Structure formats: C-alpha cells, structure tokens
Amino acid sequence: MMELQLGLALPTDTIKGLDLNSYVFDPNKDAARSSRQLIIMNQGMVHPWLSTGTNSAAAAAEDDDFISNHQKRSFYDAFEEIYDMPRTLPLLLWSKQPNEEEDDERNKDHEKSFPSASNKVDGAGDGIVGWPPIKFQRRKISHRSRKSRMENDRRVDNGCADCHGRPSNSMYVKVKMEGVAIGRKIDLSLYNSFQALKHTLLGMFGICQENSSSHKLTFQDSEGDWLLADDVPWRSFIWSVQRLKLIRSSR
Amino acid sequence: MLRMARSLPEEVLEHVFSFIHSDKDRNAISMVCKSWYEIERWCRRRIFVGNCYAVNPSMVIRRFPEVRSVELKGKPHFADFNLVPDGWGGYVYPWIAAMANAYPWLEEISLKRMVVTDETLELIAKSFKNFKVLVLSSCEGFSTDGLAAIAANCRNLRQLDLRESEVDDPSGHWLSHFPDSFTSLVSLNISCLGSEVNFSALEHLVGRCPNLRTLRLNRAVPLDRLANILRRAPQLVELGAGTYSAELRPDVFSSIAGAFSGCKELKSLSGFWDVVPGYLPAIYPICSSLTSLNLSYATIQSPDLVKLVSQCQSLQRLWVLDYIEDIGLEALAAFCKDLQELRVFPSEPFALEPNVSLTEQGLVSVSEGCLKLHSVLYFCRQMTNDALVTIARNCPKMTRFRLCIIEPRTSDYITLQPLDDGFGAIVEHCKDLRRLSLSGLLTDRVFEYIGTHAKKLEMLSVAFAGDSDLGLHHVLYGCENLRKLEIRDCPFGDKALLANAAKLETMRSLWMSSCSVSFGACKLLGQKMPRLNIEVIDERGPPDSRPESCPVEKLYIYRTLAGPRFDMPGFVWTMDEDSALRFS
Numbered sequence: 001m002m003e004l005q006l007g008l009a010l011p012t013d014t015i016k017g018l019d020l021n022s023y024v025f026d027p028n029k030d031a032a033r034s035s036r037q038l039i040i041m042n043q044g045m046v047h048p049w050l051s052t053g054t055n056s057a058a059a060a061a062e063d064d065d066f067i068s069n070h071q072k073r074s075f076y077d078a079f080e081e082i083y084d085m086p087r088t089l090p091l092l093l094w095s096k097q098p099n100e101e102e103d104d105e106r107n108k109d110h111e112k113s114f115p116s117a118s119n120k121v122d123g124a125g126d127g128i129v130g131w132p133p134i135k136f137q138r139r140k141i142s143h144r145s146r147k148s149r150m151e152n153d154r155r156v157d158n159g160c161a162d163c164h165g166r167p168s169n170s171m172y173v174k175v176k177m178e179g180v181a182i183g184r185k186i187d188l189s190l191y192n193s194f195q196a197l198k199h200t201l202l203g204m205f206g207i208c209q210e211n212s213s214s215h216k217l218t219f220q221d222s223e224g225d226w227l228l229a230d231d232v233p234w235r236s237f238i239w240s241v242q243r244l245k246l247i248r249s250s251r
Numbered sequence: 001m002l003r004m005a006r007s008l009p010e011e012v013l014e015h016v017f018s019f020i021h022s023d024k025d026r027n028a029i030s031m032v033c034k035s036w037y038e039i040e041r042w043c044r045r046r047i048f049v050g051n052c053y054a055v056n057p058s059m060v061i062r063r064f065p066e067v068r069s070v071e072l073k074g075k076p077h078f079a080d081f082n083l084v085p086d087g088w089g090g091y092v093y094p095w096i097a098a099m100a101n102a103y104p105w106l107e108e109i110s111l112k113r114m115v116v117t118d119e120t121l122e123l124i125a126k127s128f129k130n131f132k133v134l135v136l137s138s139c140e141g142f143s144t145d146g147l148a149a150i151a152a153n154c155r156n157l158r159q160l161d162l163r164e165s166e167v168d169d170p171s172g173h174w175l176s177h178f179p180d181s182f183t184s185l186v187s188l189n190i191s192c193l194g195s196e197v198n199f200s201a202l203e204h205l206v207g208r209c210p211n212l213r214t215l216r217l218n219r220a221v222p223l224d225r226l227a228n229i230l231r232r233a234p235q236l237v238e239l240g241a242g243t244y245s246a247e248l249r250p251d252v253f254s255s256i257a258g259a260f261s262g263c264k265e266l267k268s269l270s271g272f273w274d275v276v277p278g279y280l281p282a283i284y285p286i287c288s289s290l291t292s293l294n295l296s297y298a299t300i301q302s303p304d305l306v307k308l309v310s311q312c313q314s315l316q317r318l319w320v321l322d323y324i325e326d327i328g329l330e331a332l333a334a335f336c337k338d339l340q341e342l343r344v345f346p347s348e349p350f351a352l353e354p355n356v357s358l359t360e361q362g363l364v365s366v367s368e369g370c371l372k373l374h375s376v377l378y379f380c381r382q383m384t385n386d387a388l389v390t391i392a393r394n395c396p397k398m399t400r401f402r403l404c405i406i407e408p409r410t411s412d413y414i415t416l417q418p419l420d421d422g423f424g425a426i427v428e429h430c431k432d433l434r435r436l437s438l439s440g441l442l443t444d445r446v447f448e449y450i451g452t453h454a455k456k457l458e459m460l461s462v463a464f465a466g467d468s469d470l471g472l473h474h475v476l477y478g479c480e481n482l483r484k485l486e487i488r489d490c491p492f493g494d495k496a497l498l499a500n501a502a503k504l505e506t507m508r509s510l511w512m513s514s515c516s517v518s519f520g521a522c523k524l525l526g527q528k529m530p531r532l533n534i535e536v537i538d539e540r541g542p543p544d545s546r547p548e549s550c551p552v553e554k555l556y557i558y559r560t561l562a563g564p565r566f567d568m569p570g571f572v573w574t575m576d577e578d579s580a581l582r583f584s
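Order-wise, the sequence lines are chains C and E.
Be aware that the first sequence starts at 1, since it is given in UniProt numbering, and climbs by one per residue.
Be aware that the second sequence starts at 1, since it is given in UniProt numbering, and climbs by one per residue.
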C-alpha cells in the first residue's frame, strides 16, 4: 500500500481522566470560564479558542448580535497565542454541552440549521439527495416499475385504492451535449412538449435562444436506439426515453 | 565468517520477497533497513493507491520502477449516491500518460470511481504491449470507441471488466474489433452497457476463447440468444445472463435448460433482468453447485425465490431484492448453511409505504440459521434494538455490517427509542468488525459505543445521526484503525474536527456534507496541516463570500504527499497556507 506509516504521536493510554461523561453542561459553572475554552490540537499545541457557546456555527451566523456580544475573535487571532503544554496530556475541555439551546431548533426543523442537501431534488427521490444510498443503476429498477405504475395511474380514475400514498412523479434522465464533457440531469415530468423541454435544455448548456436551431434533440429509447425527438409523439417519447443528447444540427 | 552471516545476498532476499504479496507486509519489509528498502522497491510488481490524489504518478514511478499491476481509486464513496458534483476530479489520464513512459510492461490496470476518457483507453491500448487486465469499476467518461481501441490492440487481453461503469453512447460494434486471431479472453463483464452488442460477434468471440471463465452479459442480450452462447462456453464458471424473459414456449425452455445443464462448472450467476418465472426451472439443475447468486436486478417474487434458494445448498453469497421478504429469508436460513454474505436491496426505495413484507425479522432469521454470515447489507423500513442485539449475539464474526433503514431517523418501532443500544451491541459483540453503516434514530451515545468498542473498524458511514460534536469526537478519538469516515446531515461542527486534527493524518479520508463545519475551521485546518488536503466543495459560490462562521456545504479531507491538486473545478477550493491570503 502506498499509504505510508506516518507515526504521529497520538493520545493513547497516557491520557488520564478523559472522562467524557464529565463534559456535561452545568449552568452553575463559572461563567467566565465557559466563555474562553481551551482546545488542544493533538500535536500538543494549546490554542485558546473562544467558544461561541453553541455547537452550530450556522446558528451563530444567523445572529450577528450574538457574535458581537461575545466579541468573538477571528480564528487567526485566537490561534496565535500558544501555550506550552506537555505532549502527553492534551486536554479537551468542552464548553457546556451545546445541547440545550440546540434541541428545540433541531427538533423544529433540522434542515434549517445546516446547508441542507434537502433543497436539491435528486434523481427520483422524495427530496433528499442521494438517499437512500443506492447506486444509479439500481434506481432504474424502481424507475421502470414506477413508470408502469404511472401508466396504470393514468388509466385508472381518481380515488383508486391501488394508488400509493403519493405518486412519485419525477422522472430524471441524464442529458449530454455534444462536445461538452459534463452532463446534466433533467426532470422530464415537468414538461409536456418538446418545445418547452428543448428551451430548458439549451438554457442549461448556455445556448441562447436565438441559436436554438443550432442543436437537435435526440434520445435513447428503452431498446437502446437513438432517435430524433421530433420524430415521435411526446407520449411515446416519455414512456421510452432513457437519456437525452443534444447534437449539432449541421450533422 | 561473521560478516557473511550478517547479510544474505540480494538475490536470496529478492527470492524471499517474491513470496510476500500483501501491500502491508511489503511496506513492513521496506522499513527494515535501507538495503531491504532498495531491494523491495525494485521487485514490487503490484501497487494499490487508495486515493489517487494522495501521491502523484512521478513519486510512485520513482520509487517502484518495475511495476506490472496498478490499482487506483478516485472519487469518494459518496459519489455513488450523487453527493459529489460532476467534474470534481478523479481523472486517470495523467497516471496513464506517466506510466506509458515508465512501465512499458504494465499488464493490469484496475480503476474505481475514476474519470476515464477514450483518449486514455487509446493510450492504454497502444502503450502496453503485454496488457492483460482492465477493470473499470464505477468509472465514467468513456465510450465504446475507447473499448474498440482496447479490443483491436490488446492481443493478450485476458480480462475486460466494466462493472457498473457509465459508458457513453454505447453501440455494439466495438466487440467486432477483437480480431479473429484473438483467443486469450478469460473474463468479460459488459453488464453495464445499455445498447445491444453485435450478437454474432459475441457468439464468435465466446466460441473462440477456450479459457473463458467469466461472462457477464448485458440486459440487451435476450433469452433466446443465451442458449447459443452457453453452448459455446460450457466451461463457464461465472455467468451473467441478460434479460431472462421471453414468451413461454417449450422448445425455448428445453433449449435453455439443456444449455444450462451442459455448464457443469457454473458457480456464479447474475443478471436476470425482467424475469419470467416460468423459465426459472431451467437453472434448477445447476443450483446445488452455485456459490454466488446475484439477483439484485431480478424482479422475482418470494414464492419463486423460495423455490430457488432452497436448492442452493452451497450458496455463500446472495444479493437479492426485498421481494424475497421475511419468508424467503427464513428459507435461506434453513437451506443455505454456508452463507457468508447477504445483500438485500430495496425494490421501491422511494415509496412511502412498504411494498413487501420484509422486516427486521428476516435478518434475524438469517443470523440464526447461517452461522458463517459475516457480511451484511440490508435495506428495510423498520428495526428494533432487540433484533440488532440478537443479530450481534448470533454473528460475533461479523466483519461488514451495513444497515439502511430507508426513512431517516426512524426509531425502534416497538419501544420508540433510538437504536443506540442495538448498534452498540453490534460493535461490542463483533470484535472483528471492519465496516459499519448506521441508520435510524441515533444519539451521541451510539458513537460512544463505537469509539469504545469498534477497535478494528476501518470504515464508518453515518447519516442523519448524532446530537453534537461529542459524537464525532468519540469516533475520531476511539477508533484506532479508522481509515475512512463519511458523514452526511449530522450536527457535527468544528470542535471535534479541530481537536482531532492529527487523527486525520492517520486516515485515508474524511467526508462531511450538510454538517456544521465552518469555513473558518477549514481554513485553519488547511493552514496548520500541510499534509492534508482540505477541499471545500460548495456550489453556492466562493466560501469567502459568506461569513467565516458559515458552514460549508461539503468537505473532503484526505492525507496526501502530493500537495494541493491542480485539476479542481470551480466549485472546489483547497485550504492551504496561502488560503489566508487568498481569502482575506
């Protein structure tokens, strides 16, 4: 293995008393102490680091008043002071357990606290990117069975007992443009005409609309054949499309 | 005489070293003394680079001048789930270009999660005269044109394995580029290709390669073609069928059944898209000798699965969809006593309601009946602590345990408690556990258990779990053998990361996305830890356009001797000593 042995001194059994259970929030503790905590990076350097009081930097970012009240120094200022400490006794003093304030926030709406992936809609999911963690080839199975469910749903009247709680309507396919290395993805369920689709696709790749005739839209069907999108009715296109490609019209 | 006794001649040492194959052992040998280092580096033939950005090609070539086999990995594991934006990196071309000059006798290239272009494949095809093995696992960026170049030029090719790669614009004609004189193929895996290959070219290829042992066909190969192919390769050991569906006809059935019976060496089956159950009995005659069965694309319902697995008494590995249900897993537990690895994939991963009756009970049954079980990947919709404790007690030899409860933060459905105790039991009882994936409702406590007990753990995947930095701290502090840690959507911030900065140099990599690590902390790490690359991946724009305390979208930290890389796209920033200047 090319991964080399780095041989850093790491805290092992030489650390005594690192009882993590003792790091429990005690509001009666010295207020002054809790405002200035020591964090030791495991190379034995000790850096004073102003705790923001909460774990979530995002929460702090949302409240400028909070920051100025605690006179938070920049990271660089904080880390310039170095205290000597024996290497074998790196301490880890947490500030108060940052749980109390956070609990309510967290339970309310987890996604708001963190730059959430939930805002981006993934291939075929219900809103969380990359979840559940299955590779794209395996998503296709459900994609196909869902497509046939979609077809069934269309044929059945509303109020059908067989319909699942929520029709999974999104239909992401990959789209490439000739000459561009990186592909994109588009949700075909949002469209019902080639014109609208092509309009969006050209926009994705930065082609301005005056030049829309510069490219033709082609698609690969369920049998693997590549067809011109304009040659087939929209309905057949939607039921068989696997992926899209924009090719230059001069071809 | 004393002098002679002290040192063995180089040739003798080299001969001894030639019996040592594992990288770990070879690394140990090379550290004994300078002369052993020298001898070893000249006779190392096989290298593995787990992160292509941890070193650069010239370093590798300088140290190991006579390499025959190279294995490289590129993107982080979460790239499989679309968490790494397109264009992040992992380009293999610079490696191939360097090796084309340095290793003219290179025989094997194995790549995982790398971007491979047609240009790369063409370079491989013309640079290595004795090229034998090409494995492209979860790679992308190339088309069948590149494959045609390989087929046309690699006269001694033994293995071409495209497992799960994304191949652009596939057309079937590349297969015809294998010349008629080409007969050396041992293993061919084209299961990921979308388009039809030229069937007569395929049959001819199969027929003229007498050493062919592994053949994994793609979905576009219909059932009626399968019989012809099998008849030309009765010596096959591993077969991936294509589409296993056709109109039920007795003549077609007996043709398939006959072809399968003729393959006396078959041990492994895969493929089986779109199964028509009426054709399943065609494989019954070979079931008893199967050791590996991958039905994870096969839409077979549980009654047929039960009939199938109950005939596979030699089965060691089963990959299957959750159509197998608890009842099928009970049959598995009853009949397949040699089972070592089980993977159950979701048939409807995005449905809100369960579509099959697969629960925690299925996995418990298997853990009770299959005493050799040591590798599990299980997707389900409900779990209890009791079930996990039972599984842990039944399988103390578990080495890989990955549980995915589909809905994030799902509690024990009976007690409504977090699943901390269940996973705690897993790490406590399974002392050899090397890989673990968590899911369900989990607090910091589960990480305390992990840090305390999972001493052999090498890879941990965490999602939607934990309460605070203490959780991350437990893991970084306690898991002595941790090499890869990947985290998404957890409330972990700066503290644990900064407090355990040195730990990061002992690991291959750390991935954190949708967590709370601030840009300021990333900058600090970049400044203080020159042997780490701290990559901030943020599609919202430059991180310095937001406050320093603002969390980054995604963070990828890996140790490296090669310094910051130069092929980063616009949405990736490396934090290094200069970033203070750049970003202020």
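Where a beta carbon is used, it is the ideal one built from N, C-alpha and C, also for glycine.
Owing to the predicted nature of the structure, the values given are computational and were not obtained by experimental measurement.
- Contacts with chain E at 8 Å (Cβ-Cβ) do not include Q195/C.
- Residue burial is scored here from C-beta neighbours: P543/E has at least 16 other C-beta atoms within 10 angstroms and is therefore classed as buried.
- Taking C-beta separations shorter than 6 Å and ignoring five residues to either side along the sequence, the partners of K198/C in its chain run L217, following chain order.
- Contact between D118/E and F142/E holds, since their C-beta atoms are separated by about 5 Å, short of 8 Å.
- The alpha-carbon separation between C52/E and P250/E amounts to approximately 53 Å.
- For G89/E, not one C-beta of chain C is nearer than 8 Å to its own C-beta.
- Counting along the chain, the unbroken alpha helix (DSSP H) around V252/E starts and ends at P250 to S261.
- Cβ-Cβ distances below 7 Å link S30/E to W36, Y37, E40 and R41 in the same chain, with the five nearest sequence neighbours on each side left out; the list follows chain order.
- The DSSP assignment places complete beta strand (DSSP E) segments of no fewer than 3 residues inside the stretch 19–56 of chain E at 46–49, in order along the chain.
- Taken through DSSP and simplified to helix, strand or coil, M383/E comes out as coil.
- For L498/E, the CB contacts under 8 Å within the same chain, skipping 5 residues up- and downstream, are A521, L524 and L525 in chain order.
- DSSP lists no beta-bridge partner residue for G183/C.
- Interface criterion met: the Cβ of R138/C is under 8 Å from a Cβ in chain E.
- I283/E is outside the set of residues whose beta carbon lies under 8 Å from a beta carbon in chain C.
- Under the DSSP assignment, M99/E falls in the alpha helix (DSSP H) whose first and last residues are Y93 to A102.
- Collapsing the DSSP output to three states places A463/E in a strand.
- Residues of chain C with a Cβ closer than 8 Å to the Cβ of I557/E do not exist; the shortest Cβ-Cβ separation is about 14 Å.
- Rounded to whole angstroms, A125/E and F131/E show a C-alpha spacing of 8 Å.
- Ranked by Cα distance from E505/E, the options C370/E, I557/E, A334/E and G440/E are led by I557/E.
- Within chain C, the residues K135 and Q137 have their CB atoms less than 8 Å from the CB of E164/E, given in chain order.
- A562/E and G493/E have their C-alpha atoms roughly 27 Å apart.
- By the criterion of a C-beta distance shorter than 7 Å, E407/E is surrounded in its chain by R381, once the five residues flanking it on both sides are discounted.
- Contacts with chain E at 8 Å (Cβ-Cβ) do not include I186/C.
- A Cβ-Cβ contact shorter than 8 Å links I487/E with M512/E.
- In this structure, K73/E keeps its C-beta atom at 8 Å or more from the C-beta atom of W88/E.
- Within chain C, no C-beta atom comes nearer than 9 Å to that of C154/E; the closest sits roughly 25 Å away.
- With fewer than 16 other Cβ atoms inside 10 Å of its own Cβ, E265/E counts as exposed.
- What V129/C touches in chain E, judged by beta-carbon distance under 7 Å, is N82 and L83, going in chain order.
- For L485/E, the uninterrupted beta strand (DSSP E) run begins and ends at K484 to R488, by DSSP.
- Sorting L290/E, A257/E, S302/E and P303/E by C-alpha distance to the C-alpha of L318/E places L290/E at the top.
- Contact of P233/C with chain E is not assigned, every C-beta pair being separated by 8 Å or more.
- Within chain C, P132 have C-beta atoms less than 8 Å from the C-beta of I406/E, given in sequence order.
- I286/E is positioned such that its CB atom lies no closer than 8 Å to that of F253/E.
- About 6 Å separates the beta carbon of L433/E from that of T399/E, a gap short enough to meet the 8 Å contact definition.
- The DSSP-derived three-state label of S292/E is strand.
- Put simply, the CB of F401/E is far from chain C, with every gap to its CB atoms at 8 Å or more.
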